[in-house]
Amino acid sequence: LHLEPPLARLPQPPHEQHAAMSPEEFISRIMEAEPPDIYLMEDLKKPFTEASMMMSLTNLADKELVFMISWAKKIPGFVELSLADQINLLKCCWLEILMLGLIWRSVDHPGKLIFSPDFKLNREEGQCVEGIMEIFDMLLAATARFRELKLQREEYVCLKAMILLNSNLCSTSPQTAEELASRTRLLRLLDSVIDALVWAISKLGLSTQQQTLRLGHLTMLLSHIRHISNKGMDHLSTMKRKNVVLVYNLLLEMLEANI
Amino acid sequence: SSLKEKHKILHQLLQNNTSPGDLA
Chain Y
28 LHLEPPLARL
38 PQPPHEQHAA
48 MSPEEFISRI
58 MEAEPPDIYL
68 MEDLKKPFTE
78 ASMMMSLTNL
88 ADKELVFMIS
98 WAKKIPGFVE
108 LSLADQINLL
118 KCCWLEILML
128 GLIWRSVDHP
138 GKLIFSPDFK
148 LNREEGQCVE
158 GIMEIFDMLL
168 AATARFRELK
178 LQREEYVCLK
188 AMILLNSNLC
198 STSPQTAEEL
208 ASRTRLLRLL
218 DSVIDALVWA
228 ISKLGLSTQQ
238 QTLRLGHLTM
248 LLSHIRHISN
258 KGMDHLSTMK
268 RKNVVLVYNL
278 LLEMLEANI
Chain R
324 SSLKEKHKIL
334 HQLLQNNTSP
344 GDLA
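So the sequences go chain by chain: Y and R.
Going by the working numbering, the first sequence opens with residue 28, and the numbers climb by one from there.
Going by the working numbering, the second sequence opens with residue 324, and the numbers climb by one from there.
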């Protein structure tokens, strides 16, 4: 049960197609929205220095961000939200989305972080960057938890969409009619994603109780990812302030939105 | 409009149909 805002009782506008989609169709659409493998395409010189590792990490993040915007636009219903909501959601969750992608790529590689097919790091390689080992360890621990749960691709894509759509829900309250309408659309869209995740879990052949527990365990992991992202944001801001790394383009814009 | 000015690149990517391949 949840309290519906008043506009949710109005007839469904024709453009809200996701509300009429089956969970299976919705998952199929967000699976198609998945970005391709993104390569760093740099000649990595090992051992890394603090500056070279930070430069590789930020170069890759900047590339991934461009694809992330394209991914968000392909989630059914996202572009029907107000532009302000689209911007706010993305600026709040970008590092969480990058981290969940990293966790997914690393889930079958214990002890390693697979940033891209051509940029893989062992835990110990984090030693060369001050303060990053703590973040690597938290990422590896979250990855191990997803490994224990045997995270499925369908569940992963739903969790990623949930991070995006849930990222800004509690930091603003709608003031104008337009903002309220967008908020209502956002809540309906979140309903569709939750339905899709429930459906994905229901296909795994678990008992009803095990399905409920799995839903709880998977969604509880999202609070850990938010925590790691906040730590990562602080770390990147510090590295930028100390001029260890030059942050530019879209990454700079997204980072500054969070400072 | 301040939101759009503060997030020029993000705003541009959300509004136009440029594919990431073109920008990468």
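In this text, a Cβ means the ideal position worked out from N, Cα and C, and glycines have one as well.
Being a predicted model, the structure only gives us computed values, none of them experimental.
Is the beta carbon of residue i less than 8 Å from the beta carbon of residue j?
i: I65(Y); j: E91(Y); result: yes
i: L337(R); j: K100(Y); result: yes
i: I228(Y); j: L216(Y); result: no
i: E157(Y); j: E77(Y); result: yes
i: M126(Y); j: I252(Y); result: yes
i: I54(Y); j: V184(Y); result: yes
i: L129(Y); j: F163(Y); result: no
i: L191(Y); j: L108(Y); result: no
i: S264(Y); j: L282(Y); result: yes
i: H330(R); j: K267(Y); result: no
i: E51(Y); j: W226(Y); result: yes
i: M247(Y); j: V220(Y); result: no
i: P62(Y); j: F105(Y); result: no
Hey, does residue i have any beta-carbon neighbour from chain R nearer than 8 Å?
i: L110(Y); result: yes
i: V93(Y); result: yes
i: I96(Y); result: yes
i: K187(Y); result: no
i: E181(Y); result: no
i: N270(Y); result: no
Find the residues of chain R that neighbour residue i, judging by a C-beta separation of less than 8 Å, and give them in chain order.
i: A284(Y); result: K329 and H330
i: Q113(Y); result: L337
i: K101(Y); result: The premise fails here: K101(Y) is roughly 11 Å from chain R at the closest Cβ pair, so nothing lies under 8 Å.
i: K267(Y); result: Under the 8 Å cutoff, chain R gives no residues; its nearest Cβ is about 17 Å from K267(Y).
i: L277(Y); result: I332, L333 and L336
Is there a Cβ from chain Y that is less than 8 Å from the Cβ of residue i?
i: A347(R); result: Legend: pLDDT at A347(R) = 46, less than 50; position of this residue unreliable, no value from coordinates given.
Cβ closer than 7 Å: which chain R residues qualify as neighbours of residue i?
i: E123(Y); result: Chain R residues near E123(Y): none, gap ~16 Å exceeds 7 Å.
i: N193(Y); result: Near N193(Y) there are no residues of chain R at all, since even the closest Cβ is about 19 Å away, more than 7 Å.
At a CB-CB cut-off below 9 Å, which residues of chain R make contact with residue i?
i: L117(Y); result: H330, L333 and L337
i: E280(Y); result: K329, H330, K331, I332 and L333
Say the cut is 7 Å; is the CB of residue i nearer than that to a heavy atom of the ligand GDP?
i: H262(Y); result: Looking for the ligand GDP in the displayed structure turns up nothing, as the structure carries no ligands at all.
Worksheet item: Unbroken alpha helix (DSSP H) runs of length 4 or more, entirely within the region 79-161 of chain Y: which are they?
Response: 110-133
Worksheet entry | Contained beta strand (DSSP E) runs [length at least 3] in the region 157-229 of chain Y, N- to C-terminal order | Within the region 157-229 of chain Y, no complete beta strand (DSSP E) run reaches 3 residues.
Worksheet item: Fully enclosed by the region 47-80 of chain Y, which alpha helix (DSSP H) runs are 4 residues long or longer?
Response: Complete alpha helix (DSSP H) runs here, min 4: 50-59.
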